[in-house]
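Trainee: For reference, the structure I am asking about is given below.
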Amino acid sequence: MKQFGKILKFELKGYLRNKIFVGITVFLVVAIAIVMFIPNIIAAFETDGDVEGDVNAAYLPTMLIFAEDDTLSSTVKEYFGSAFSDHNVQVAVGSIEDVKEAIISGDAECAFVMNSASSYTYYVNNLSMYDINTEIANTVLQEIYRISAMIQHGITPEQAGEIIAVQIESNTETLGKDQIQNFFYTYIMIFALYMVILLYGQMVATNVATEKSSRAMELLITSAKPTSMMFGKVLASCIAGFSQLVLVFGTAILLYNVNRNALSNPLIASVFDIPLELFIYLIIFFILGFLIYAFMFGAIGSTASKLEDINTSVMPITFLFIIAFMVVMFSMSSGSVDNTAMLVCSYIPFTSPMAMFTRICMSTVAWYEIAVSIAILIGATVGIGVLSAKIYRVGVLLYGTPPKLGAILKTVFKRQ
Amino acid sequence: MILELKSIDKSFGKKQVLKGVSFTAEGGKAFGLLGRNGAGKTTSIRILMNVFPADSGEVLIDGKPIDYGKIGIGYLPEERGLYPKKLIIDQLVYFAELKGMNGKDAVRSVDYWLGRLGMSEYRNKRLDTLSKGNQQKIQLITALAHDPRIVILDEPFSGLDPVNAMLLKDVVKEQISMGKIVLFSSHQMSYIEEFCDSIAIINAGRVALSGDLHDIKRNYVRDKLVVFSAMPEQIKADLGEACTWREDGSLLIHLAAPDEKQSMMKRLVQSYDIDEIKVFEPSLNDIFVEYAGAQV
Numbered sequence: 000m001k002q003f004g005k006i007l008k009f010e011l012k013g014y015l016r017n018k019i020f021v022g023i024t025v026f027l028v029v030a031i032a033i034v035m036f037i038p039n040i041i042a043a044f045e046t047d048g049d050v051e052g053d054v055n056a057a058y059l060p061t062m063l064i065f066a067e068d069d070t071l072s073s074t075v076k077e078y079f080g081s082a083f084s085d086h087n088v089q090v091a092v093g094s095i096e097d098v099k100e101a102i103i104s105g106d107a108e109c110a111f112v113m114n115s116a117s118s119y120t121y122y123v124n125n126l127s128m129y130d131i132n133t134e135i136a137n138t139v140l141q142e143i144y145r146i147s148a149m150i151q152h153g154i155t156p157e158q159a160g161e162i163i164a165v166q167i168e169s170n171t172e173t174l175g176k177d178q179i180q181n182f183f184y185t186y187i188m189i190f191a192l193y194m195v196i197l198l199y200g201q202m203v204a205t206n207v208a209t210e211k212s213s214r215a216m217e218l219l220i221t222s223a224k225p226t227s228m229m230f231g232k233v234l235a236s237c238i239a240g241f242s243q244l245v246l247v248f249g250t251a252i253l254l255y256n257v258n259r260n261a262l263s264n265p266l267i268a269s270v271f272d273i274p275l276e277l278f279i280y281l282i283i284f285f286i287l288g289f290l291i292y293a294f295m296f297g298a299i300g301s302t303a304s305k306l307e308d309i310n311t312s313v314m315p316i317t318f319l320f321i322i323a324f325m326v327v328m329f330s331m332s333s334g335s336v337d338n339t340a341m342l343v344c345s346y347i348p349f350t351s352p353m354a355m356f357t358r359i360c361m362s363t364v365a366w367y368e369i370a371v372s373i374a375i376l377i378g379a380t381v382g383i384g385v386l387s388a389k390i391y392r393v394g395v396l397l398y399g400t401p402p403k404l405g406a407i408l409k410t411v412f413k414r415q
Numbered sequence: 000m001i002l003e004l005k006s007i008d009k010s011f012g013k014k015q016v017l018k019g020v021s022f023t024a025e026g027g028k029a030f031g032l033l034g035r036n037g038a039g040k041t042t043s044i045r046i047l048m049n050v051f052p053a054d055s056g057e058v059l060i061d062g063k064p065i066d067y068g069k070i071g072i073g074y075l076p077e078e079r080g081l082y083p084k085k086l087i088i089d090q091l092v093y094f095a096e097l098k099g100m101n102g103k104d105a106v107r108s109v110d111y112w113l114g115r116l117g118m119s120e121y122r123n124k125r126l127d128t129l130s131k132g133n134q135q136k137i138q139l140i141t142a143l144a145h146d147p148r149i150v151i152l153d154e155p156f157s158g159l160d161p162v163n164a165m166l167l168k169d170v171v172k173e174q175i176s177m178g179k180i181v182l183f184s185s186h187q188m189s190y191i192e193e194f195c196d197s198i199a200i201i202n203a204g205r206v207a208l209s210g211d212l213h214d215i216k217r218n219y220v221r222d223k224l225v226v227f228s229a230m231p232e233q234i235k236a237d238l239g240e241a242c243t244w245r246e247d248g249s250l251l252i253h254l255a256a257p258d259e260k261q262s263m264m265k266r267l268v269q270s271y272d273i274d275e276i277k278v279f280e281p282s283l284n285d286i287f288v289e290y291a292g293a294q295v
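And the structure:
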């Protein structure tokens, strides 16, 4: 236990003295600070907003409307003008060829060539992934069509307008979890977990492999118990990683509260207003998930004899982790976080940190399910920790080609 | 204090590396573990250090199984290696602490040894900024700083210049005089011969020869004479095959049997101009070549 403390202290000092580690942390904190202040900075420049608004109108992209029938083109222009407020809508003169020419030369961004009141061709140079102009146009044209049809049937334009503009009042009462509200912070937390585990896992593996390749190992294993070594190293990386996260997210939360008025976006608000209960689960799953992977990365690091071998050696673990991440991400975006894959994953220790946390956030999970999942995870983490210490002990003295997993396990169990 | 290895067997896979290795080392004396490359020296030391267990056999201190928690062992591994990117003081204190010292004592002891080995100016430097010989001295401190009862030095002199070798000799002598067990492993016979009271020669996983170095030399078959003469060519021509040149220009005469010594001496003194005749005392090098070289 005394040794463990010494090792933990030494390893932590290593992280704090690591210029890259400190540099990344500072960079992240500064980046977060800048992002949090952006709305205020923009607001500071927007004091003369009205004047700039007029000037900007000239720079709006041009949208051309073309129709053989002048009445049709002017009607469409009128409606589109208000529907596409981010475009400068103009009626085109000349032929269809002139319209195409204007788009290709860049004079206009896009054009609607009306064949009739209910049929058109949309011309655009490069079709953006996010181009929703046709959808807006369809809605607007339908509206025009319906209003004119209603007028033809003897309804006054005012009445027709009212019918079209009818508003439905709706109210949603969420009895379980609000997936929309919880989606973003779940997403951010899962992503943070993913990044931190891969990053620090690699760090632990590299750390162990460096000791092995610099031959400091022989002295270490004759001085300290392998379990102390392994737990000391892994916990040091956990503390380092966690304090880095606390620093980054702490800065974010602090600055969010400072800039609360400017950051009125409900999406951002949903991220920061994470309920305390979920926050506690987050920390539990985060620490356990981190530890279980860090132990595996450490064990793998001890079997590699050169630093170059690390990348190939850690591949199976990385894949396992990426698969877990994918399952969770797909389930999250499909909205069915309680599907069979997720149910299974939320009890398997390697996937449960992400899967169970997602289910807790986005669905209703009974307390005993959470308890069982956490219990399995704790048991597995301790088991993997002890096993990895044994692998470490065996692995560090093997030089040459990385031994096969089976061979290592055989040696580990033979020793007992 | 007596350290004893008793019939140690060790196999790696199908290859048996150690076959019943036994030897005994005493406190206040230096012990030399000799052997050719791959003979099993480092494996024996690693078993002694509990890096891995023996398949069978025991390691005993004063007749009882060794308790690694109580007995401090200082180890200078042949594969030198510390943390190249870390400060020297940090890692030395770390290793001393791992061996059970508290923080203050560790710093004091490390500073003493840095001063003793003339390395104080490098205290706050990174290890990889040092030359190889100086790195070796730093490594030596990891073996000595925690004041262990058993000191194991694997090739301690390799890479040291004569001045540093002298410094190390003094340190080793001091450790021996403090009653510690000092265990050497080396190929440099002259150093072993200078320090070690007893030796074990390991050859292909077996102890080919072990015991007190003086006894070994005395028991060596006395069937060769070293002759310094003013007319060596004449002697060489007369004795033919039984006479060979030595590097220093003297002659080595091989006797048919040890008891021919007197008669041969008489014959030489009567027939030739002789400066000096003595019975050939083998050097450790000769003994090593004979026991470790021939039987592979």
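So the protein lines, in turn, are chains A and Y.
Here numbering that gives the first Met the number 0 is used: the first residue of the first sequence is 0, the next is one more, and so on.
Here numbering that gives the first Met the number 0 is used: the first residue of the second sequence is 0, the next is one more, and so on.
Think of the CB as a built atom: it goes at the ideal place given N, C-alpha and C, for glycine as much as any other residue.
Predicted, not measured: the structure shown is a model, and the values here were computed from it.
1) What does the alpha-carbon distance come out to for the pair LEU113/Y and PHE190/A?
2) Using the DSSP secondary-structure output, state which residues sit across from GLN15/Y in a beta bridge.
3) In terms of DSSP beta bridges, what is PHE22/Y paired with?
4) If you follow the beta strand (DSSP E) that ASN202/Y is in, where does it begin and where does it stop?
5) Is it buried or exposed for GLU161/A, if we count other Cβ within 10 angstroms and need 16 for buried?
6) Does the distance from the CB of ALA298/A to the CB of ILE187/A come in under 8 Å?
7) In chain A, which residues lie with their C-beta within 7 Å of the C-beta of MET48/Y?
8) Does THR380/A pass the burial test, meaning 16 or more other C-beta atoms within 10 Å, or should it be called exposed?
9) Would you identify the three-state DSSP class for SER176/Y, choosing helix, strand or coil?
10) Please list, in chain order, the chain Y residues whose beta carbon lies closer than 9 Å to that of LYS5/A.
11) If distances are taken between C-alpha atoms only, which option among ASP247/Y, LYS14/Y and LEU139/Y comes closest to SER228/Y?
12) Between ALA66/A and the rest of its own chain, which residues show a CB-CB distance below 6 Å, the 5 nearest in sequence each way excluded?
13) Does the Cβ of ASP130/A lie closer than 7 Å to at least one heavy atom of the ligand FAD?
14) Determine, for TYR82/Y, whether the minimum Cβ-Cβ distance to residues of chain A falls below 8 Å.
15) Do ALA303/A and ALA208/A count as a contact pair if the criterion is CB distance below 8 Å?
16) At a CB-CB cut-off below 9 Å, which residues of chain Y make contact with ARG214/A?
17) Give a yes or no on whether 8 Å exceeds the smallest Cβ distance from THR42/Y to chain A.
18) If the criterion is Cβ atoms closer than 8 Å, does the pair VAL225/Y and PHE287/Y meet it?
19) Helix, strand or coil, according to DSSP, for MET230/Y in the structure here?
20) Let me know if LYS5/A comes out buried or exposed under the rule of 16 or more other beta-carbons within 10 Å of its beta-carbon.
21) Exposed or buried, HIS152/A, counting other C-beta atoms within 10 Å across all chains shown (16 or more means buried)?
22) 8 Å is my cut-off, CB to CB: does LEU253/A come that close to chain Y?
23) Find the residues of chain A that neighbour THR141/Y, judging by a C-beta separation of less than 8 Å, and give them in chain order.
24) Can you check which of these residues, THR42/Y, TYR93/Y and GLY39/Y, is closest to ALA430/A by C-alpha distance?
25) Going by alpha carbons, who is nearest to TYR199/A out of TYR14/A, CYS109/A and ILE103/A?
26) So PHE30/Y and VAL206/Y are in contact, right, with Cβ under 8 Å, and what is the actual spacing, rounded?
27) Taking LYS277/Y as part of the alpha helix (DSSP H), name the residues at either end of that continuous run.
28) Check the C-beta distance from GLN138/Y over to LEU97/Y and give it rounded, since I have them as a contact under 8 Å.
29) Look up TYR119/A in the DSSP assignment and say whether it is helix, strand or coil.
30) Does the separation of the CB atoms of ARG122/Y and ILE88/Y fall below 8 Å?
31) What three-state label does DSSP hand PHE349/A in the structure shown?
32) Counting pairs of Cβ atoms below 8 Å between the stretch 356 to 369 of chain A and the stretch 162 to 180 of chain A, do you hit three or more?
33) Any chance you could list the alpha helix (DSSP H) runs of at least 4 consecutive residues sitting entirely within the stretch 22 to 103 of chain Y, in chain order?
34) In whole angstroms, give me the CA-to-CA distance for ASP49/A and MET331/A.
35) With DSSP as the reference, label HIS213/Y as helix, strand or coil.
36) Would you mind working out which of VAL313/A, ASN181/A, TYR144/A and GLU10/A sits nearest GLN201/A, comparing C-alpha positions?
Mentor: Considering the structure as presented:
1) Within the second sequence, the letter at position 114 stands for residue 113/Y. Within the first sequence, the letter at position 191 stands for residue 190/A. Straight-line Cα distance between these residues: approximately 49 Å.
2) In the second sequence, residue 15/Y corresponds to position 16, counting from 1. Partner(s): SER10/Y.
3) As a working note, residue 22/Y is residue 23 in the second sequence. Looking at the DSSP assignment, PHE22/Y forms a beta bridge with LEU4/Y.
4) Translated into positions along the second sequence, residue 202/Y becomes position 203. Looking at the DSSP string, the run of the beta strand (DSSP E) that includes ASN202/Y is 197 to 202.
5) Here residue 161/A refers to the residue found at position 162 when the first sequence is read from its first residue. Label assigned to GLU161/A: exposed.
6) In the first sequence, residue 298/A corresponds to position 299, counting from 1. In the first sequence, residue 187/A corresponds to position 188, counting from 1. Result no, Cβ atoms of ALA298/A and ILE187/A do not sit closer than 8 Å.
7) The residue given as residue 48/Y occupies position 49 in the second sequence. Within chain A, the residues near MET48/Y are THR221.
8) Counting from one through the first sequence, the residue named residue 380/A turns up at place 381. When all chains shown are included, THR380/A counts as buried.
9) Residue mapping note: residue 176/Y aligns to position 177 of the second sequence, counting from 1. Reduced to three states, the DSSP call for SER176/Y is helix.
10) Numbered from its first residue, the first sequence carries residue 5/A at position 6. Residues of chain Y passing the Cβ test: TYR93, GLU96, LEU97 and GLY102.
11) In the second sequence, residue 228/Y corresponds to position 229, counting from 1. Closest by alpha carbon: ASP247/Y.
12) Taking the first residue of the first sequence as 1, we reach residue 66/A at position 67. Taken in chain order, the residues that qualify are SER72 and MET113.
13) With respect to small molecules bound, the structure shown includes none, and the ligand FAD cannot be examined in it.
14) Along the second sequence, read from residue 1 onward, the residue named residue 82/Y stands at position 83. So, interface residue.
15) Reading the first sequence from its first residue, position 209 is the one you call residue 208/A. Reading the first sequence from its first residue, position 304 is the one you call residue 303/A. In contact: ALA208/A and ALA303/A (Cβ atoms closer than 8 Å).
16) For the purposes of this step, residue 214/A is taken as the residue at position 215 of the first sequence. Within 9 Å Cβ-Cβ: PRO76, GLU78, ARG79, GLY80 and LEU81.
17) Start at 1 with the first residue of the second sequence, and residue 42/Y comes out as number 43. THR42/Y does not count as touching chain A.
18) For the purposes of this step, residue 225/Y is identified with residue 226 of the second sequence, where counting begins at 1. For the purposes of this step, residue 287/Y is identified with residue 288 of the second sequence, where counting begins at 1. Not a contact, by the Cβ cut-off of 8 Å.
19) In the second sequence, the residue the question calls residue 230/Y occupies position 231. It is coil, neither helix nor strand.
20) Position 6 of the first sequence, counted from the first residue, corresponds to residue 5/A. So LYS5/A ends up on the buried side.
21) Your numbering for residue 152/A matches position 153 in the first sequence. By the 10 Å Cβ count, HIS152/A comes out exposed.
22) One-based indexing of the first sequence puts residue 253/A at position 254. It does not: the Cβ of LEU253/A has no partner Cβ on chain Y nearer than 8 Å.
23) As a position in the second sequence, residue 141/Y is number 142, starting the count at 1. Within 8 Å Cβ-Cβ: LEU218.
24) Because chain A here runs from 0 to 415, residue 430/A falls outside it and cannot be looked at.
25) The residue you call residue 199/A lines up with position 200 of the first sequence. For TYR199/A, the nearest C-alpha among the options comes from TYR14/A.
26) Locating residue 30/Y in the second sequence gives position 31, where the first residue counts as 1. Locating residue 206/Y in the second sequence gives position 207, where the first residue counts as 1. That belief does not hold up - the Cβ atoms of PHE30/Y and VAL206/Y are roughly 12 Å apart, past 8 Å.
27) Start at 1 with the first residue of the second sequence, and residue 277/Y comes out as number 278. Run containing LYS277/Y: none in the alpha helix (DSSP H); it sits in the beta strand (DSSP E), 273 to 278.
28) Within the second sequence, residue 138/Y is the residue found at index 139, counting from 1. Within the second sequence, residue 97/Y is the residue found at index 98, counting from 1. Contact flag wrong, Cβ pair sits at about 15 Å.
29) As a first step, residue 119/A is located in the first sequence; it is residue number 120 there, counting from the start. Residue state, collapsed to three classes: strand.
30) Locating residue 122/Y in the second sequence gives position 123, counting from the first residue. Locating residue 88/Y in the second sequence gives position 89, counting from the first residue. Their beta carbons are under 8 Å apart, which means ARG122/Y touches ILE88/Y by this criterion.
31) By one-based count along the first sequence, residue 349/A stands at place 350. Correct three-state label for PHE349/A: coil.
32) yes
33) 40 to 47 and 87 to 97
34) Mapped onto the first sequence, residue 49/A falls at position 50. Mapped onto the first sequence, residue 331/A falls at position 332. Confidence in ASP49/A is poor, its pLDDT being 48 and thus under 50, which makes the residue's placement unreliable; the coordinate value appears in the next sentence. Those two C-alpha atoms are separated by around 42 Å.
35) Locating residue 213/Y in the second sequence gives position 214, where the first residue counts as 1. Three-state result, HIS213/Y: helix.
36) On the first sequence, residue 201/A is found 202 positions in, with the first residue counted as 1. Among VAL313/A, ASN181/A, TYR144/A and GLU10/A, the Cα nearest to that of GLN201/A is on VAL313/A.
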